[in-house]
Amino acid sequence: MAHTADSTFFGHFRNLLRARLKFDTFLILRFGPEGRPEAHDYWLADPSLRRKYPDQYLDGAYRLDPFFRHRDQVAADGMFRLADIAPDRFFAGEYYLQYYQQTRIRDEVGFLARTADGSVAHLSMSRLDGSGSYRRRELQCLRHFSPLISELLRQYVSSRASGQVARPVTRAPRPLEELIRAHLRSTRATSLTPREAQVSALILQGHSNLSAAFALGISRETAKVHRRNIYRKLMISSQAELFALLTDLF
Numbered sequence: 007m008a009h010t011a012d013s014t015f016f017g018h019f020r021n022l023l024r025a026r027l028k029f030d031t032f033l034i035l036r037f038g039p040e041g042r043p044e045a046h047d048y049w050l051a052d053p054s055l056r057r058k059y060p061d062q063y064l065d066g067a068y069r070l071d072p073f074f075r076h077r078d079q080v081a082a083d084g085m086f087r088l089a090d091i092a093p094d095r096f097f098a099g100e101y102y103l104q105y106y107q108q109t110r111i112r113d114e115v116g117f118l119a120r121t122a123d124g125s126v127a128h129l130s131m132s133r134l135d136g137s138g139s140y141r142r143r144e145l146q147c148l149r150h151f152s153p154l155i156s157e158l159l160r161q162y163v164s165s166r167a168s169g170q171v172a173r174p175v176t177r178a179p180r181p182l183e184e185l186i187r188a189h190l191r192s193t194r195a196t197s198l199t200p201r202e203a204q205v206s207a208l209i210l211q212g213h214s215n216l217s218a219a220f221a222l223g224i225s226r227e228t229a230k231v232h233r234r235n236i237y238r239k240l241m242i243s244s245q246a247e248l249f250a251l252l253t254d255l256f
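Mapping to the working numbering: the sequence shown position 192 is 198, numbers consecutive.
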């Protein structure tokens, strides 16, 4: 607690949590209102991950990250497990297959804590293949200490932000659906409707037709029609092909 405002905090924080459970990655990020996350500190047990992680994440993969997508949906600080907040088809989607499997992440737990400047502080702790999933007693321990962990995380990220040069005022980031529409207009000369772009974004995140319909407040049949129209316009037949067309965004 005494070190939340200095450079030794990250090591103390990591060692505190490693005394209770095993993890292979430990990252602290800031999800700011200006869009692209900032990586404050990270530790990776496997040095080979540094070639793609977290750089690949910060270059665009974050746009489909369940924790990044969840940042505006949380009513209070807390701990979340990837499997609990990911869309229903996330683990069969191209983002998981092409990004998460490259990092070899087996299980991930994240903390989200809001800061006074409107940002969200994020702590990610992952286990890689070979380490197994988090056990129930470990998750119970993290949930029990969640208020303390969240507050330490908030204080540290807030301290880092206050010590930086004031950020220039920037425009709010374009929503993913707008990026999708613009990208397809420029690369495929294809125009999706705003609703089709919303459905496309949800498909890429790993939502089924039913889950996408629930998120948008429409019927499952309407979501299926939008999906069919998207595939027809782009002359594709699968989520994998849609991801391939938009891979430059991620």
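Glycine residues also receive a C-beta, built at the ideal position from the N, C-alpha and C atoms.
**OP:** Please report how far the alpha carbon of A248 lies from the alpha carbon of Y237, in whole angstroms.
**Re:** Counted from its first residue, the sequence shown places residue 248 at position 242. Counted from its first residue, the sequence shown places residue 237 at position 231. First, the residue type needs correcting, since residue 248 is Leu and not Ala in the sequence shown. Each residue's alpha carbon lies about 8 Å from the other.
Subject >> For L64 and R42, believed in contact at Cβ under 8 Å, the rounded distance >> reply: Working through the sequence shown from its first residue, we reach residue 42 at position 36. Working through the sequence shown from its first residue, we reach residue 64 at position 58. About 7 Å; that satisfies the 8 Å criterion.
Original post:
Is S54 helix, strand or coil by DSSP?
Top reply: Stepping through the sequence shown from its first residue, residue 54 is reached at position 48. DSSP places S54 in helix when its eight states are reduced to three.
Original post:
If we ignore side chains and look at the alpha-carbon of each, how far apart do G84 and M241 end up?
Top reply: The residue labelled residue 84 in the question sits at position 78 within the sequence shown. The residue labelled residue 241 in the question sits at position 235 within the sequence shown. If I take the Cα positions, the gap works out to 42 Å.
Original post:
Are there 16 or more other CB atoms within 10 angstroms of the CB of T296, so buried, or fewer, so exposed?
Top reply: Past the edges of the chain, shown from 7 to 256, lies residue 296, and the structure says nothing about it.
**OP:** Would you tell me roughly how many angstroms separate the C-alpha atoms of E144 and A221, rounded to the nearest one?
**Re:** As a first step, residue 144 must be located in the sequence shown, where it is residue number 138. As a first step, residue 221 must be located in the sequence shown, where it is residue number 215. So the two alpha carbons sit approximately 31 Å from each other.
Subject >> Reduced DSSP category for Y59 - H, G, I as helix; E, B as strand; rest coil >> reply: Working through the sequence shown from its first residue, we reach residue 59 at position 53. Coil.
**OP:** Ignore the nearest five residues each way along the sequence and tell me which others in H9's own chain have a CB closer than 7 Å to its CB.
**Re:** In the sequence shown, the residue the question calls residue 9 occupies position 3. Excluding residues within five positions, the ones whose Cβ falls inside 7 Å are F15, H18.
Original post:
What is the residue span of the beta strand (DSSP E) that F32 lies within?
Top reply: Within the sequence shown, numbered from 1, the residue matching residue 32 stands at position 26. Where F32 is concerned, the enclosing beta strand (DSSP E) stretches over 31-37.
Subject >> Beta-carbon proximity of H213 to P93, cut-off 8 Å >> reply: Taking the sequence shown and counting its residues from 1, one reaches residue 213 at position 207. Taking the sequence shown and counting its residues from 1, one reaches residue 93 at position 87. Between H213 and P93, the C-beta spacing is below 8 Å.
Subject >> Residue from D135, L129, G136, A67 whose Cα sits closest to the Cα of I155 >> reply: For the purposes of this step, residue 155 is taken as the residue at position 149 of the sequence shown. The candidate whose alpha carbon is nearest that of I155 is L129.
Subject >> In chain order, each beta strand (DSSP E) run of at least 3 residues that lies wholly inside the region 124-207 >> reply: 126-134
Original post:
Which one or two residues does DSSP pair with E114 in a beta bridge?
Top reply: Translated into positions along the sequence shown, residue 114 becomes position 108. For E114, which the question treats as bridged, DSSP gives the partners S132.
Subject >> Pairwise C-alpha distance: R77 and A250 >> reply: Your numbering for residue 250 matches position 244 in the sequence shown. Your numbering for residue 77 matches position 71 in the sequence shown. One C-alpha to the other measures close to 26 Å.
**OP:** Return the first residue and the last residue of the alpha helix (DSSP H) that F86 is part of.
**Re:** Here residue 86 is taken as the residue at index 80 of the sequence shown, counted from 1. Careful: F86 lies outside any alpha helix (DSSP H), inside the beta strand (DSSP E) at 84-87.
Subject >> Contact set for G99: own chain, Cβ-Cβ below 7 Å, skip 5 residues either direction >> reply: The count along the sequence shown starts at 1 and reaches residue 99 at position 93. Here the set comprises G212, Q245.
**OP:** Could you tell me which of L118, R110, R149 sits nearest to R133, measuring between CA atoms?
**Re:** Translated into the one-based positions of the sequence shown, residue 133 becomes position 127. Closest option to R133, Cα to Cα, is R110.
**OP:** Could you pull the start and end residues of the alpha helix (DSSP H) that G17 belongs to?
**Re:** As a first step, residue 17 is located in the sequence shown; it is residue number 11 there, counting from the start. Note, G17: alpha helix (DSSP H), 15-24.
Original post:
Quick one: is E202 buried, meaning 16 or more other Cβ sit within 10 Å of its Cβ, or exposed?
Top reply: For the purposes of this step, residue 202 is taken as residue 196 along the sequence shown, with counting starting at 1. When all chains shown are included, E202 counts as buried.
Original post:
Exposed or buried, what is R24 when buried is set at 16 or more other beta-carbons lying within 10 Å of its beta-carbon?
Top reply: If you number the sequence shown from 1, residue 24 lands on position 18. By the neighbour-count rule (16 or more Cβ atoms within 10 Å), R24 is not buried but exposed.
Original post:
Is the beta carbon of L55 less than 8 Å from the beta carbon of A119?
Top reply: Numbered from 1 along the sequence shown, position 49 holds the residue referred to as residue 55. Numbered from 1 along the sequence shown, position 113 holds the residue referred to as residue 119. Not in contact: L55 and A119 (Cβ atoms no closer than 8 Å).
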